[in-house]
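J.: The sequence shown maps to residues 14 to 386 in our numbering. Beta carbons: idealized from backbone N, C-alpha and C, even for Gly.
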Amino acid sequence: MNALQPYAASEENSRGRIHAEEAPAERGQFQRDRDRIVHCTAFRRLEYKTQVFVNHEGDLFRTRLTHSLEVAQISRGVARALGLNEDLAEAIALAHDLGHTPFGHAGQDALDACMRAHGGFEHNLQSLRIVDVLEERYGAFDGLNLCYETREGILKHCSAANARALGELGRRFLEKRQPSLEAQVCNLADEIAYNNHDVDDGLRAGLITVEELETVPVFARHVATVRAAFPSIGQRRLIHETVRRMINTLVLDLVGETRRRIGLAQPDSLEAVRGCAPLAAFGAQLRAEQNVLKAFLNEHLYHHYRVRRMTAKARRIVAELFEAFAGDPRMLPRQYQERAREDCFRTVADYIAGMTDRYAIAEHRRLFAVGEI
Ligand code: MG
């Protein structure tokens, strides 16, 4: 690892773990967090959960696992360039989507609607719930007992009501303070990753075209550069050469703008970072261009009629699973039944949120298809 800047998170300024543990041998505390995340059950399930496309639509599309790996790669690169804690950035990135339901945002919205009268459902909060409570792996504690800074980074957003219930970890949302720079960087690395891989996946699926994307300035600029350099380039390489340029431009801009803001604010510690306005950011021009790209994807990809058909189906599956299990929690697998007696709705939400796309489809078939068991 590179030399840490004074504003980076480190083992020295960490608020530590809830349950005291001996320091790991031959690796750091944040490496241990990263390792625990990679070995947990929820992480493995990311392979069969989707962002935009339902998992079985095709093997080439991003899943939440490959998305999380891309976010980790970008986060590490930016963290290294800025003298931040790479291990922490990587741990946060690998864990940031653990709490997602099957079927991407459609699944999350459906589960939130089902849980409206029972405390709601937020995927960020669920990611934290997985690493704090739901993973059953260690003898001495529930969850993974991660460092405070890793948990702080996982909890990207949070409603005021949930923030109040969380105590120390939720306080920053009420006091409008920032998390570590490592967490801020992950947040923007997430945005770089999904905007660009959704362009790539959308083109590959034939839902959007290069011609349509050329109405988006950031894409048009880079595609023109690639065509000038390689006049007879084929479509697949044209897309990749363009997307890699877009990612690289964003990463460099993020590093430059964040460095500029750090230079102005001069934070001399992690605590100082928490008290500053957000320090990790894109410059104004790229921020504006990213917003145009996002608006394009929103209109042309996320609301494409074929995607809307998938999301409608996904919402129906999640809502019907919820209704069935909440109506008769004794249909839940045995290991959930004891908890369901204490808190039926939250237990059903945990069970559904933990499902992969294909498991949710299979479970729905088992419950609703005549002739299936
Ligand atoms: Mg993400």
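1) To test your reading of the DSSP string, which unbroken alpha helix (DSSP H) runs of 4 or more residues are found completely within the segment 168-207?
2) If you draw a straight line from the alpha carbon of PHE154 to that of ARG164, how long is it in whole angstroms?
3) Please go through the segment 350-383 and give each complete alpha helix (DSSP H) segment of 4 or more residues, from N-terminal end onward.
4) Just to check my reading of the structure: GLU195 and LEU265 have Cβ atoms closer than 8 Å, yes? What is that Cβ distance to the nearest angstrom?
5) For a test of the three-state rule: what should DSSP assign to THR4, helix, strand or coil?
6) Residues in the same chain with beta-carbon distance under 7 Å from VAL84, minus the five sequence neighbours each way, listed in chain order, please.
7) Considering just the uninterrupted stretch of the alpha helix (DSSP H) at GLN298, what are its terminal residues?
8) Under 8 Å between the Cβ atoms of ASP100 and PHE43?
9) Candidates THR79, GLY152, GLN248 and TYR364: which alpha carbon is nearest PRO346's?
10) Tell me which residues share the same chain as ALA332 and place their Cβ nearer than 8 Å to its Cβ, disregarding the 5 neighbours each side in the sequence.
11) Can you tell me where the alpha helix (DSSP H) holding THR63 begins and where it ends?
12) How would you write the range of the alpha helix (DSSP H) that HIS131 sits in, first residue to last?
13) Got a sec: does the ligand MG put a non-hydrogen atom nearer than 7 Å to the Cβ of HIS80?
14) Under 7 Å: does the beta carbon of HIS136 sit that close to some heavy atom of the ligand MG?
15) Looking at VAL144 and ASP213, is the spacing between their C-beta atoms short of 8 Å?
16) Between HIS210, LEU292 and THR262, which has its C-alpha nearest ARG273's C-alpha?
17) Any chance the CB of TYR207 is under 7 Å from a heavy atom of the ligand MG?
18) Under 8 Å by Cβ, that's how I've got HIS113 and LYS62 pegged, so tell me the actual separation to the nearest angstrom.
19) Is VAL84 close to the ligand MG? I mean its beta-carbon at under 7 Å from any heavy atom of the ligand.
20) Closest to CYS357 by C-alpha separation, out of ALA339, ASP370 and ALA366, would be which residue?
21) What residue from GLU270, ASN311 and GLN191 has the CA that sits closest to ARG300's CA?
22) Taking the alpha-carbon positions, what's the VAL91 to GLY41 distance?
23) For the ligand MG, is there any heavy atom lying closer than 7 Å to the beta carbon of ASP110?
24) What do you reckon, is the C-beta of ASP203 under 7 Å from a heavy atom of the ligand FMN?
25) Among the candidates ALA308, LEU283, LEU267 and ASN304, whose CA atom is the shortest distance from the CA of ALA294?
26) Just confirm the distance between the C-beta atoms of GLU254 and VAL239, as a whole number of angstroms; I'd bet it's less than 8 Å.
27) Skipping 5 residues on each side, what residues in its chain have a beta carbon closer than 6 Å to that of GLY120?
28) Pick helix, strand or coil for ALA21, following the three-state DSSP scheme.
29) If you follow the alpha helix (DSSP H) that ARG328 is part of, which residue opens it and which one closes it?
T.: Let me lay it out:
1) Listed in chain order, the alpha helix (DSSP H) elements of length 4 or more contained wholly in the segment 168-207 are 173-179 and 184-188.
2) Counted from its first residue, the sequence shown places residue 154 at position 141. Counted from its first residue, the sequence shown places residue 164 at position 151. Spanning the two alpha carbons is a distance of roughly 16 Å.
3) Taking only runs of at least 4 residues, the alpha helix (DSSP H) segments lying wholly in the segment 350-383 are 357-367 and 370-381.
4) By one-based count along the sequence shown, residue 195 stands at place 182. By one-based count along the sequence shown, residue 265 stands at place 252. About 19 Å separates the two Cβ atoms, so there is no contact after all.
5) Outside the shown range of the chain, which is 14 to 386, sits residue 4, and nothing can be said about it.
6) For the purposes of this step, residue 84 is taken as the residue at position 71 of the sequence shown. ALA106, HIS109, CYS199, ALA202, ASP203 and ALA206, listed in sequence order.
7) For this step, residue 298 is matched to residue 285 along the sequence shown. From DSSP, the alpha helix (DSSP H) with GLN298 extends over 297-310.
8) Numbered from its first residue, the sequence shown carries residue 100 at position 87. Numbered from its first residue, the sequence shown carries residue 43 at position 30. Result yes, Cβ atoms of ASP100 and PHE43 sit closer than 8 Å.
9) As a position in the sequence shown, residue 346 is number 333, starting the count at 1. Among THR79, GLY152, GLN248 and TYR364, the Cα nearest to that of PRO346 belongs to TYR364.
10) Position 319 of the sequence shown, counted from the start, is the residue given in the question as residue 332. Hits under 8 Å: ALA123, ALA126 and CYS127.
11) For this step, residue 63 is matched to residue 50 along the sequence shown. Note, THR63: premise wrong, no alpha helix (DSSP H); not H, not E.
12) By one-based count along the sequence shown, residue 131 stands at place 118. Secondary structure note for HIS131: it is in no alpha helix (DSSP H), with a DSSP letter that is neither H nor E.
13) Counting from 1 along the sequence shown, the entry for residue 80 is found at position 67. Answer for HIS80: yes, Cβ within range of the ligand MG.
14) For the purposes of this step, residue 136 is taken as the residue at position 123 of the sequence shown. Result no, Cβ not under 7 Å from the ligand MG.
15) In the sequence shown, residue 213 corresponds to position 200, counting from 1. In the sequence shown, residue 144 corresponds to position 131, counting from 1. No, the Cβ-Cβ distance between ASP213 and VAL144 is not below 8 Å.
16) As a working mapping, residue 273 is identified with position 260 in the sequence shown. Of all alpha-carbon atoms in HIS210, LEU292 and THR262, the one lying nearest the alpha-carbon of ARG273 is that of LEU292.
17) Sequence index remark: in the sequence shown, residue 207 carries index 194 (1-based). Result yes, Cβ under 7 Å from the ligand MG.
18) If you number the sequence shown from 1, residue 113 lands on position 100. If you number the sequence shown from 1, residue 62 lands on position 49. About 6 Å separates the beta carbon of HIS113 from that of LYS62, a gap short enough to meet the 8 Å contact definition.
19) Sequence index remark: in the sequence shown, residue 84 carries index 71 (1-based). For VAL84, the shortest C-beta to heavy atom distance toward the ligand MG is below 7 Å.
20) Translated into positions along the sequence shown, residue 357 becomes position 344. That would be ALA339, whose Cα lies nearest to the Cα of CYS357.
21) Numbered from its first residue, the sequence shown carries residue 300 at position 287. Put simply, of GLU270, ASN311 and GLN191 the residue whose alpha carbon is nearest the alpha carbon of ARG300 is GLU270.
22) The residue labelled residue 91 in the question sits at position 78 within the sequence shown. The residue labelled residue 41 in the question sits at position 28 within the sequence shown. Going by the C-alpha atoms only, they are around 20 Å apart.
23) As a working mapping, residue 110 is identified with position 97 in the sequence shown. Flag set: Cβ of ASP110 near the ligand MG.
24) With respect to the ligand FMN, the structure offers nothing, as its ligand set consists of the ligand MG.
25) The count along the sequence shown starts at 1 and reaches residue 294 at position 281. Considering only alpha carbons, the answer is LEU267.
26) Translated into positions along the sequence shown, residue 254 becomes position 241. Translated into positions along the sequence shown, residue 239 becomes position 226. Contact between GLU254 and VAL239 holds: CB atoms are separated by about 4 Å, below the 8 Å threshold.
27) Here residue 120 corresponds to residue number 107 of the sequence shown, with the count starting at 1. Cβ neighbours of GLY120 beyond the five flanking positions: THR114, ALA327 and VAL331.
28) For this step, residue 21 is matched to residue 8 along the sequence shown. Reduced to three states, the DSSP call for ALA21 is coil.
29) Taking the sequence shown and counting its residues from 1, the one referred to as residue 328 is at position 315. DSSP places ARG328 inside the alpha helix (DSSP H), whose first and last residues are 318-340.
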